[in-house]
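Structure first, commentary second.
Numbering (the numbering used here), first residue to last: 1299 to 1534.
Here it is in structure tokens:
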């Protein structure tokens, strides 16, 4: 299918054998995936460019691709960004405001912690030519909130990021990929220009910019499955 494919990552780093979440991709696998994009002729563009092409129905290259990350983990700047930049690719990093500078832990997984990027990290990514987007304030399912609470989450996350980074925040990634008609309307009214979901697929002409589909890449993806996802085999 001709259209823009938006890749979704969370974490890139060393794999702990006890980790069964699957959202962390090994550094060597991530490198091979980026090299595949480069060598196979994929055109990696910014999310801003992708949305503009979709909305204005600008000719879409068959291999137009966007790279995104959710949550804002520290390994995004330590491990992922140097690899991305080595191939001259841009990326968009969706961050959760309350995670910034924090270390996430779980009582059920006391052996594991997830360090998150701080404000200086985010500013550095901007300097390197990447984009920062909102992933909410608390990383809660926005569909489980009242209309008032939804508005507060959308507005506060946008305002907090813009104030600290001195950068307009145009893009949103729905926490847990959860959204509905009201949420897309509120996101638009709050001033976002587009929002990403976790629904798989390709974004062609006429795609709703507030329901952008993404292709999630996980630890278990092999060279073949990564290629298959990009070539839409899983969407047919």
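Using N, Cα and C, we set each Cβ at its ideal position, and we do this for glycine too.
- Assignment of residue 1491 by DSSP, reduced to helix, strand and coil, places it in the coil class.
- DSSP places residue 1452 in the uninterrupted alpha helix (DSSP H) bounded by 1445-1463.
- With a contact defined as Cβ atoms closer than 8 Å, residue 1459 and residue 1421 miss out at about 11 Å.
- Per DSSP, reduced to three states, the secondary structure at residue 1441 is helical.
- Counting the other Cβ atoms within 10 Å of the Cβ of residue 1380 gives fewer than 16, which makes it exposed.
- Straight across, the Cα-Cα distance linking residue 1353 with residue 1505 is about 8 Å.
- Contact between residue 1467 and residue 1307 is ruled out by a C-beta separation of about 20 Å, above the 8 Å threshold.
- Per the C-alpha coordinates, the member of 1490, 1337 and 1371 positioned closest to residue 1349 is 1490.
- Under the three-state reduction of DSSP, residue 1319 is assigned to coil, being neither helix nor strand.
- Under the DSSP assignment, residue 1420 falls in the alpha helix (DSSP H) whose first and last residues are 1417-1425.
- Shown here, residue 1396 sits in a helix according to DSSP, grouped into three states.
- Closest in C-alpha terms to residue 1465, from the list 1316, 1520, 1427 and 1521, comes 1427.
- Secondary structure note for residue 1381: it is in no beta strand (DSSP E), and the uninterrupted alpha helix (DSSP H) holding it is 1379-1384.
- The bridge partners DSSP lists for residue 1469 are 1492.
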